[in-house]
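The structure appears right after this line, and notes come after that.
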Amino acid sequence: WCKGAIFDLDGVIVDTARYHYLAWRRLAEELGFEFTPEHNERLKGVSRMRSLEILLEVGGISVSPEEKQQLAEKKNHWYVEYISALTPDALLPGAREFLTWLRERGVKIALGSASKNAPLILDRLGITGLFDAVVDGTMVEKAKPDPEVFLKGAGLMDVDPRECVVFEDAVAGIEAARRGGMKAVGVGDPEVLAEADWVVRSLAECLPTGGASEGSS
Ligand code: B16
Ligand code: MG
16 WCKGAIFDLD GVIVDTARYH YLAWRRLAEE LGFEFTPEHN ERLKGVSRMR SLEILLEVGG
76 ISVSPEEKQQ LAEKKNHWYV EYISALTPDA LLPGAREFLT WLRERGVKIA LGSASKNAPL
136 ILDRLGITGL FDAVVDGTMV EKAKPDPEVF LKGAGLMDVD PRECVVFEDA VAGIEAARRG
196 GMKAVGVGDP EVLAEADWVV RSLAECLPTG GASEGSS
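In UniProt numbering, each residue's number is its place in the sequence shown (first place is 1) plus 15.
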């Protein structure tokens, strides 16, 4: 049904949002204000610098470009510390099984993530070998909803974008897929991801068993 599948990372394959949150909250604490899980929702799928700008907006703080750079580095240092402890147990339900199922059927697989830490995360999860191509935050200039990250993924897999399906948990990612001429499967809340062609709660639902063997990863 498709020749290439492109996966977002955070929110689709692994829930790294909570580690981003821990690191951002620690930074906010240091700056003297509270950063709540609700605030954190605004950072999903958003680049590191844009996330910091949102956080500073929440705290009502303005800093010089140099300080911004330092704060972003500090947050990333903590974040990398947290994700270095990730194990394959952190994979979301059905992720490994669905990727394997696609590979067995000859479908090419790419990652299309805004995260500059994506290769490290794939490595910690033990799934690097399941990908034919990895496009991360260091390889793109324009953030989602721009389709650049997914078009690059399609290019590296050598598959026509019209024969690709994107799996995404963020509204901006669904828009990026559609702008790139690809089909989009939303992973998450159907009301939030209404623009997607289909919506599933997790990748386990994409398996023929519908996730009956879920949790047996
Ligand atoms: P990093 P995705 C995104 O991952 C996260 O959802 C977002 O919260 C984060 O700020 C962004 O990656 C950049 O991450 O600081 O590691 O470069 O959903 O695009 O896989
Ligand atoms: Mg995501």
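Backbone N, C-alpha and C define an ideal beta-carbon position, used for all residues, glycine too.
Since we're looking at a predicted model, the values are computed, not measured.
Spatial neighbours of residue i in its chain, beta-carbon cut-off 7 Å, leaving aside the 5 residues before and after
i           : result
Ser-231     : Model confidence at Ser-231 stands at a pLDDT of 41, short of 50, so the residue's coordinates are unreliable; what they give is reported in the following sentence. The answer is none, since no qualifying residue turns up.
residue 241 : Here the chain comprises residues numbered 16 to 232, so residue 241 is not present and cannot be evaluated.
Val-155     : Glu-163, Val-164, Lys-167
Glu-229     : Confidence at Glu-229 is low in this model, with a pLDDT of 45, below 50, so the placement of that residue should be treated as unreliable; the coordinate-derived value is given next. Taken in chain order, the residues that qualify are Pro-108, Gly-109, Ala-219.
Check: residue i C-beta below 7 Å from any heavy atom of ligand 2
i           : result
Ala-185     : yes
Gly-168     : no
residue 256 : Nothing about residue 256 can be read from this structure; the chain reaches only from 16 to 232.
Gly-188     : yes
Beta-carbon proximity check, residue i vs residue j, cutoff 8 Å
i       : j       : result
Phe-165 : Ala-133 : no
Gly-47  : Val-122 : no
His-35  : Tyr-94  : yes
Ser-130 : Gly-152 : yes
Any non-hydrogen atom of ligand 1 within 7 Å of residue i CB
i         : result
residue 2 : In the structure as shown, the chain starts at 16 and stops at 232, and residue 2 therefore has no counterpart that could be examined.
His-35    : yes
Arg-57    : no
Lys-131   : yes
Ala-192   : no
For residue i, the three-state DSSP class (helix, strand or coil)
i           : result
residue 237 : Missing from the structure shown is residue 237; the chain here goes from 16 to 232 and no further.
Asp-138     : helix
Leu-166     : helix
Beta-ladder partner(s) of residue i, from DSSP
i       : result
Ala-199 : Val-181
Gly-127 : Val-150
Ile-21  : Ala-125, Val-181
Leu-106 : Val-29
Beta-carbon proximity list for residue i, same chain, < 6 Å, skipping 5 on both sides
i       : result
Pro-103 : Leu-140, Gly-141
8 Å CB neighbourhood of residue i in its chain, flanking five on each side removed
i           : result
Ile-76      : Leu-46, Phe-48
residue 237 : Any property of residue 237 remains undetermined from this structure, which presents the chain solely from 16 to 232.
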